[in-house]
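In terms of our numbering, the sequence shown opens at residue 55 and continues consecutively.
C-beta: ideal position from N, C-alpha, C; glycine also.
In what follows, a structure is listed as C-alpha cells, so that the remarks can point back to it.
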Amino acid sequence: MYKLRTTGMTPDPSYTPFGSAIRREPKLREVVWSLRNDDVTWSSELLDFGSYGVEGQILRDGELVLGQRFDTRALAEHWSNRYRQEIERSLFSDR
Numbered sequence: 055m056y057k058l059r060t061t062g063m064t065p066d067p068s069y070t071p072f073g074s075a076i077r078r079e080p081k082l083r084e085v086v087w088s089l090r091n092d093d094v095t096w097s098s099e100l101l102d103f104g105s106y107g108v109e110g111q112i113l114r115d116g117e118l119v120l121g122q123r124f125d126t127r128a129l130a131e132h133w134s135n136r137y138r139q140e141i142e143r144s145l146f147s148d149r
C-alpha cells in the first residue's frame, strides 16, 4: 500500500488549478422575434458579447430552452430564424 507524503504546508483554500471563470455580461440584448400561441410565448434573443461572439437564445415564456454561441451576428440570426420556422410549423400546422 502506498502512503501519501505531505510537505507540511497547509493548502490555500482559495486556490483553484484552472483559475476562476470570468462571467461575461452581454453588451447588447435584442429580441429578434416573438410568437404567441394560446398561453405560450416563444421568442428569440441575441446577446452580443463583443469579441467573444453573439449568443442566440430560444425562450419559452421567458425561460431559456436552447442557446448557442456564434462568431458572427449573421450566423446567430440565421440559427434563430431556422428555429422560428420549426416552431411555427409545429404550432400552427395543427390548425
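In the structure shown, the three-state DSSP call for GLY107 is coil. Looking at the DSSP output, GLU117 sits in a beta bridge with ARG114. Taking the Cα positions, THR126 is about 6 Å away from VAL108.
Annotation for GLU142: the continuous alpha helix (DSSP H) segment containing it runs 127-146.
Per DSSP, the continuous beta strand (DSSP E) segment holding GLU99 begins and ends at 94-102. CA-CA distance, GLY110 to ASP93, rounds to 23 Å. Residue range 82-91 is occupied by the beta strand (DSSP E) that includes GLU84.
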